[in-house]
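In this note's numbering, the protein residues as written are 932 to 1131.
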């Protein structure tokens, strides 16, 4: 049976990111999520960081539309790009920090020549429904354009005692799979791993 154009496009893009079914993806959305405090003075310029990452030959870069447009001459034609199109700032009230908002559109990722899009779902958050609505809109739109959709599947919420607990993380991953994620980013779990301060 003949495959659709979007199926072919998705497979080609996934193969660019997943070399030998593995990928080292450099996540670079900290400027939005945490603000400038995460960056020492000598590397606060995004171009300095992206240049180092390209030289290190990672498998893909995940970043925002703004950073991608400022650095396209460094990564373009060299490393696959994943555009993260949800986000939040730490400036918002504490009680709303388990909500990711729209921070770009699939059409922005297509225009920039991206190979995938990404969005966060905080499984267990009181805003889970809202983020799922956003996720499904993103995923279905990406599907039409042959773009893989990466879900940052992070279990967080008042009912979750330890978001790094192996069973909790497995639950979040299962939910991400069942919601149609092509790729998943989640927490690293280890028996010796003790709960550090939460970071994306």
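Note that beta-carbon positions come from the ideal geometry of N, C-alpha and C, so glycine has one too.
Considering only residues of the same chain and omitting the five flanking positions on each side of residue i, which have a CB-CB separation below 7 Å?
| i | result |
| --- | --- |
| residue 967 | 975 |
| residue 1000 | 1043 |
| residue 1117 | 1084, 1085, 1100, 1103 and 1104 |
| residue 1106 | 1054 and 1084 |
| residue 1004 | none |
Can you give me the Cβ contacts of residue i inside the same chain, cut-off strictly under 8 Å, excluding the 5 residues immediately before and after it?
| i | result |
| --- | --- |
| residue 1110 | 1052, 1063, 1066, 1067, 1070 and 1082 |
| residue 941 | 1074, 1077, 1078, 1079 and 1113 |
| residue 1021 | 964, 965, 966 and 1028 |
| residue 1033 | 1016, 1017 and 1065 |
So the candidates are the options; which of them puts its Cα closest to the Cα of residue i?
| i | options | result |
| --- | --- | --- |
| residue 1026 | 934, 960, 942 and 1089 | 1089 |
| residue 938 | 1075, 1096 and 1118 | 1075 |
| residue 1009 | 1018, 965 and 947 | 947 |
| residue 955 | 943, 990, 965 and 945 | 990 |
| residue 943 | 1031, 1024, 1095 and 1011 | 1011 |
| residue 985 | 995, 933, 996 and 1007 | 1007 |
| residue 1115 | 1096, 1013 and 1030 | 1013 |
| residue 1056 | 1091, 1024, 992 and 952 | 1091 |
| residue 958 | 1038, 952 and 1049 | 1049 |
| residue 996 | 1016, 933 and 987 | 1016 |
Return the CA-CA distance between residue i and residue j, expressed in angstroms with no decimal places.
| i | j | result |
| --- | --- | --- |
| residue 936 | residue 972 | 46 Å |
| residue 1133 | residue 1040 | No information on residue 1133 is available, as it lies outside the stretch 932 to 1131 that the chain covers here. |
| residue 949 | residue 1058 | 31 Å |
| residue 1113 | residue 1084 | 12 Å |
| residue 998 | residue 977 | 7 Å |
| residue 979 | residue 1093 | 35 Å |
| residue 1073 | residue 1119 | 27 Å |
| residue 1018 | residue 963 | 7 Å |
| residue 960 | residue 1035 | 13 Å |
| residue 1031 | residue 983 | 28 Å |
| residue 970 | residue 932 | 51 Å |
| residue 1132 | residue 952 | Because the chain is modelled from 932 through 1131, residue 1132 falls outside the range shown and cannot be assessed. |
| residue 987 | residue 993 | 15 Å |
| residue 1002 | residue 1098 | 39 Å |
| residue 1061 | residue 1108 | 18 Å |
| residue 1023 | residue 981 | 28 Å |
Spell out the partners DSSP gives residue i in its beta bridges.
| i | result |
| --- | --- |
| residue 1054 | 1086 |
| residue 953 | 950 |
| residue 1116 | 1083 |
Hey, does residue i have any beta-carbon neighbour from chain D nearer than 8 Å?
| i | result |
| --- | --- |
| residue 1021 | Looking for chain D here will not work: only one protein chain is present. |
* Asked: Whole alpha helix (DSSP H) runs in the stretch 959 to 999 with 4 or more residues, listed along the chain?
  -> 961 to 964 and 977 to 987
* To do: Just list the beta strand (DSSP E) runs in the stretch 1003 to 1052, keeping only unbroken ones of 3 residues or longer that don't cross its boundaries, in chain order.
  => 1012 to 1015, all fully within the stretch 1003 to 1052.
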